[in-house]
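K.L.:
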Amino acid sequence: MAEAVPLPKLTEGYLGKQAKFDEYGLINVSHPDPVIYMAEDQSEVEIIIGTSSPTRVTTKMLSYERKQECNDYALVRCLGPNYCFLIRPPLPGFYKFQIYALPQGEAGPSFIGVYNYIIYCPRAENVSALPKQYPMWKDGCYLTEPVDIPKGFRGDVRFKLQIPKARDVQIKVGEDWTQLTQVEPGVFEGTVDLSQSNYPIGTKAKVNVKFAGNKFNTLLEYTI
Numbered sequence: 001m002a003e004a005v006p007l008p009k010l011t012e013g014y015l016g017k018q019a020k021f022d023e024y025g026l027i028n029v030s031h032p033d034p035v036i037y038m039a040e041d042q043s044e045v046e047i048i049i050g051t052s053s054p055t056r057v058t059t060k061m062l063s064y065e066r067k068q069e070c071n072d073y074a075l076v077r078c079l080g081p082n083y084c085f086l087i088r089p090p091l092p093g094f095y096k097f098q099i100y101a102l103p104q105g106e107a108g109p110s111f112i113g114v115y116n117y118i119i120y121c122p123r124a125e126n127v128s129a130l131p132k133q134y135p136m137w138k139d140g141c142y143l144t145e146p147v148d149i150p151k152g153f154r155g156d157v158r159f160k161l162q163i164p165k166a167r168d169v170q171i172k173v174g175e176d177w178t179q180l181t182q183v184e185p186g187v188f189e190g191t192v193d194l195s196q197s198n199y200p201i202g203t204k205a206k207v208n209v210k211f212a213g214n215k216f217n218t219l220l221e222y223t224i
């Protein structure tokens with residue numbers, strides 16, 4: 001059983017709540033235990049942290065054994081007052097997952113560490129990376145689909161995203177643009193045909209968003 005695998009050595013006080021967690025009004029909606037053992041047949045885990053006031057967050061995911069970051073396998077999504085963190089370990093082993101936060105009204109570029117998890121993944125096979133997230137994505141956005149696009153896939157891909165205050169959302173694949181339809185305030189949907197051009201492996205598919213003015217900002221980026 002995975003639970004029989006002993007925890008690696010960690011700094012005292014590393015796991016769980018850090019000093020600012022309660023002060024910032026954060027709560028564990030899921031996983032109040034900072035130690036998570038995934039099941040043999042489990043490919044991902046979603047951690048949910050609730051907020052009581054507008055809060056910005058970011059995260060860091062690190063492989064304990066390989067001593068390297070693997071942020072391409074963690075996705076931050078925001079739904080109402082909750083931040084949902086989808087974690088998909090690429091290889092077996094232990095992973096540190098660190099959550100950082102800062103109240104929106106608080107000045108300063110530096111986020112504060114508020115909660116640390118250790119996650120054990122017993123098995124991982126053919127794991128697809130999650131999209132790269134740019135800072136503006138973490139400001140209240142939610143991705144319903146696609147959570148990933150397998151490398152080499154060349155067919156129709158359905159997109160559905162919630163991006164508050166967005167005026168225009170377009171998917172740029174190579175040099176091809178596809179505009180998504182706003183089906184309700186802040187919610188955009190559409191289908192992108194990846195077979196229409198001979199895209200080489202490694203092509204970037206970007207979620208480009210226009211808020212105010214005429215400039216597009218990239219919020220998400222897939223490598224297809």
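If you're matching positions, the sequence shown starts at 1 in the UniProt record's numbering and goes up one per residue. Positions of the beta carbon are idealized from the N, C-alpha and C atoms, including for glycine.
Under 8 Å between the Cβ atoms of CYS78 and TYR24?
P.N.:
Numbered from its first residue, the sequence shown carries residue 78 at position 78. Numbered from its first residue, the sequence shown carries residue 24 at position 24. Against a cut-off of 8 Å, the Cβ pair of TYR24 and CYS78 comes out as no contact.
K.L.:
Roughly how many angstroms separate the alpha carbons of VAL114 and ILE224, rounded to a whole number?
P.N.:
Counting from one through the sequence shown, the residue named residue 114 turns up at place 114. Counting from one through the sequence shown, the residue named residue 224 turns up at place 224. Looking at the two C-alpha atoms, the distance is approximately 34 Å.
K.L.:
Can you pull the DSSP bridge partners for TRP177?
P.N.:
Taking the first residue of the sequence shown as 1, we reach residue 177 at position 177. Bridge partners of TRP177: LYS172.
K.L.:
Within 10 angstroms of its Cβ, does VAL207 collect 16 or more other Cβ (buried), or is it exposed?
P.N.:
Numbered from 1 along the sequence shown, position 207 holds the residue referred to as residue 207. That one is buried.
K.L.:
Pick helix, strand or coil for GLU44, following the three-state DSSP scheme.
P.N.:
The residue labelled residue 44 in the question sits at position 44 within the sequence shown. Of the three classes helix, strand and coil, the one that applies to GLU44 here is coil, per DSSP.
K.L.:
Less than 8 Å between the C-beta atoms of ARG56 and GLN133, yes or no?
P.N.:
What you label residue 56 is simply residue 56 of the sequence shown in a count that begins at 1. What you label residue 133 is simply residue 133 of the sequence shown in a count that begins at 1. No. Outside cutoff.
K.L.:
When we look at the beta-carbon of ASP148 and count the other beta-carbons within 10 Å, is it buried (16 or more) or exposed?
P.N.:
One-based indexing of the sequence shown puts residue 148 at position 148. So ASP148 counts as buried.
K.L.:
In terms of alpha-carbon separation, which member of ALA212, ALA205, ASN214, GLY213 lies closest to LEU220?
P.N.:
For the purposes of this step, residue 220 is identified with residue 220 of the sequence shown, where counting begins at 1. Residue ALA205 is the option with its Cα nearest to LEU220.
K.L.:
With C-beta atoms as the reference, is ASN116 less than 8 Å away from LEU15?
P.N.:
Taking the first residue of the sequence shown as position 1, residue 116 is located at position 116. Taking the first residue of the sequence shown as position 1, residue 15 is located at position 15. Against a cut-off of 8 Å, the Cβ pair of LEU15 and ASN116 comes out as a contact.
K.L.:
CB ILE112 to CB PHE97, shorter than 8 Å?
P.N.:
Within the sequence shown, residue 112 is the residue found at index 112, counting from 1. Within the sequence shown, residue 97 is the residue found at index 97, counting from 1. No, these two residues do not count as a Cβ contact at 8 Å.
K.L.:
Give the DSSP bridge partners of PHE188, in chain order.
P.N.:
Working through the sequence shown from its first residue, we reach residue 188 at position 188. Note: PHE188 is bridge-paired with LEU161, GLN182 in the DSSP secondary-structure output.
K.L.:
Using beta carbons (cut-off 8 Å, strictly below), is PRO81 in contact with chain D?
P.N.:
The structure shown has no chain D; it contains just one protein chain.
K.L.:
Given LEU26, which residues of its chain have a CB within under 8 Å of its CB, disregarding the five upstream and five downstream residues?
P.N.:
Locating residue 26 in the sequence shown gives position 26, counting from the first residue. Cβ neighbours of LEU26 beyond the five flanking positions: ILE49, GLY50, THR51, SER52, THR55, ALA101, VAL114, TYR115.
K.L.:
Using beta-carbon positions only, say whether THR58 and LYS138 come within less than 8 Å of one another.
P.N.:
Counted from its first residue, the sequence shown places residue 58 at position 58. Counted from its first residue, the sequence shown places residue 138 at position 138. Yes, the Cβ-Cβ distance between THR58 and LYS138 is below 8 Å.
K.L.:
If contact is defined by three or more beta carbon pairs under 8 Å, each pair taking one atom from either stretch, is the segment 28-46 in contact with the segment 62-70?
P.N.:
no
K.L.:
Can you tell me whether GLN18 is buried or exposed? The criterion is at least 16 other CB atoms within 10 Å of its CB, across all chains shown.
P.N.:
For the purposes of this step, residue 18 is taken as the residue at position 18 of the sequence shown. Buried: at least 16 other Cβ atoms inside 10 Å.
K.L.:
Using a Cβ-Cβ cutoff of less than 6 Å, which residues in the same chain neighbour ARG154 once the five nearest sequence positions on both sides are dropped?
P.N.:
Your numbering for residue 154 matches position 154 in the sequence shown. Correct list, in chain order: LEU194, SER195.
K.L.:
Does the distance from the C-beta atom of LEU161 to that of THR144 stay below 8 Å?
P.N.:
On the sequence shown, position 161 is the one that residue 161 refers to. On the sequence shown, position 144 is the one that residue 144 refers to. The answer is yes: Cβ separation under 8 Å.
K.L.:
Only counting the same chain, and skipping five residues up and downstream in sequence, which positions put a Cβ closer than 6 Å to that of TRP177?
P.N.:
Here the question's residue 177 lines up with position 177 in the sequence shown. Counting only Cβ-Cβ distances below 6 Å, and skipping sequence neighbours, we find GLN170.
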